[in-house]
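One structure below.
Residue numbers (the working numbering): 4 to 144.
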């Protein structure tokens, strides 16, 4: 059976910037929830230190467990959201590629009701996918 592990990245315009959702849940299909949470937290902390990333945050759990306190917000495991400008998307995706040992990245770009989906299995393919995404977004604006 083919290896289905990958990183899913959804990109959508948000004003003059891009809203980037990073889904790590398929990075290692056999990863225990605790390990996936540790990976998510580690990437979250590291992404906060990237100058080119305007904002990064965890995605809140829409249905927190009963009895949980608002200040102890629960977050969805394996999901991060970042805000970058178009010029810096390459920095963010390159960072993800490096931190996750070259796992394939599946890009899903949506703008003006149109969608572009690209899979990158190598650094060279990732560079080409980023350029295709930039062209796609530029054509939609």
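All C-beta atoms, glycine included, are put in the ideal place defined by N, C-alpha and C.
All values derive from a computational prediction rather than experimental measurement.
- DSSP links residue 114 through a beta bridge to 117.
- Relative to the Cα of residue 87, the nearest Cα in the group 61, 20, 116, 37 belongs to 20.
- Each residue's CA atom was taken as its position, placing residue 115 and residue 22 some 14 Å apart.
- Under the DSSP assignment, residue 133 falls in the alpha helix (DSSP H) whose first and last residues are 126-143.
- Annotation: the continuous beta strand (DSSP E) that includes residue 24 extends over 20-26.
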